[in-house]
Amino acid sequence: MVTTIWIVITITFFLLRVAPGGPFDSERAVSAAVEQNLLIAYNLDDPLLQQYGNYLWGLLHGDLGPSYKQKDFSVAELLFHGLPISLLIGGVALSIAVSTGLLLGATMARHRNQKLDAALEGFVTCGLALPPLIAAPLLVFLFSIVLGWLPAGGLESPLHLVLPVISLCVPYIAAFARLSRSSCLEALNQPFATTAQAKGVGNWRLLWHHVLPSALVPVLSFVGPAAATLLAGSMVVEVFFSIPGIGHYFVQGALDRDYTLVLGAVLVYTTSILILNFLVDLLFLRIDPRIQLH
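Basically the working numbering = 1-based index in the sequence shown + 2.
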């Protein structure tokens, strides 16, 4: 885990530094002397490898550095403020996506090749074609502008979370539904399912007590990759709905060339994904003890 974080941080650090421009290029009416003083104040005039070493040394001591643009706050303070918001939105969206996707997939498997299966397959196909970048403005237009039921942005009440969460989870509900349908159909063809049916086990009992637990492993294996892409989608959602989460700070930092803020956000994202993948692996062991972690 530590090696992966170090590699990601290293790549991000040097990609930021080779990109054109700097954190103070967009300052209004700043003379060359003032800009040079700013670079000296933040040690940005040091050789690149020395800056890299200083940043890693700060990380080892829990110092994420100052924000070059939001000078009243350190990077740690900004991320500490944004992390709970991003975890709330992402956690709720992922939980809804997994649970709803499993329910839809199991229902589609139960009614395979029937009208309900075809109708839900149409919903799944539409859901897969609605990434957050497209879903967010459509939902705002319908529920905020046309119907006026939900707020279009901000974070003043729980109602402000509804549209961002739906925007995030719709394509993942569809993905989990399709995957769980396939897994359930495969499990239905296994000998244990045939034996249970021969013993007179009802269709729904067979599905929920025998088939679905067997189909969980391939479905849960998608949780890690889904969480990674969901985090990427959260950047779009947080910016679109003006939510001060980590995704918002990441995008703002990238636009402002705020190196330390971008690096801090990347560090949090990478660590979160690695921890989630580890927890999913532990869950695999709980579901199927035959799986060995290496």
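A virtual CB, placed ideally from N, CA and C, is assigned to each residue, including glycine.
Query	Result
Closest Cα partner of N279 within the set A228, D119, L157	A228
Residue burial classification, M3 (beta-carbon count within 10 angstroms, cutoff 16)	exposed
Residue span of the alpha helix (DSSP H) that contains W151, given as start and end	W151 -> no alpha helix (DSSP H), and no H or E assigned at all.
Three-state class that DSSP yields for P68 in the structure shown	strand
Outcome for P134 when other beta-carbon atoms lying within 10 angstroms are tallied against a minimum of 16	buried
contact_flag[the segment 217-231, the segment 57-67] where n(CB pairs < 8 Å) is 3 or more	no
Buried/exposed call for S236, threshold 16 Cβ in 10 Å	buried
Other residues of its chain near T262: CB distance less than 6 Å, five sequence neighbours each side excluded	G67, V77
Closest Cα partner of F252 within the set T6, I9, T14, T5	T14
Residues near A217 by beta carbon distance below 7 Å, same chain, minus five either side	S182, S185, C186, A189
Exposure label - I91; buried when at least 16 CB within 10 Å	buried
Environment of L295 [buried if 16+ CB atoms lie within 10 Å]	Residue confidence for L295 is low, a pLDDT of 49 falling below 50, so the modelled location carries little weight and cannot support an answer.
S76 in three-state terms, based on DSSP	strand
As assigned by DSSP and simplified to three states, the class of S159	coil
Contact the segment 93-107 vs the segment 240-252: 3+ CB pairs below 8 Å	no
Touching by the beta-carbon criterion (3+ pairs, under 8 Å), the segment 109-119 and the segment 137-153	no
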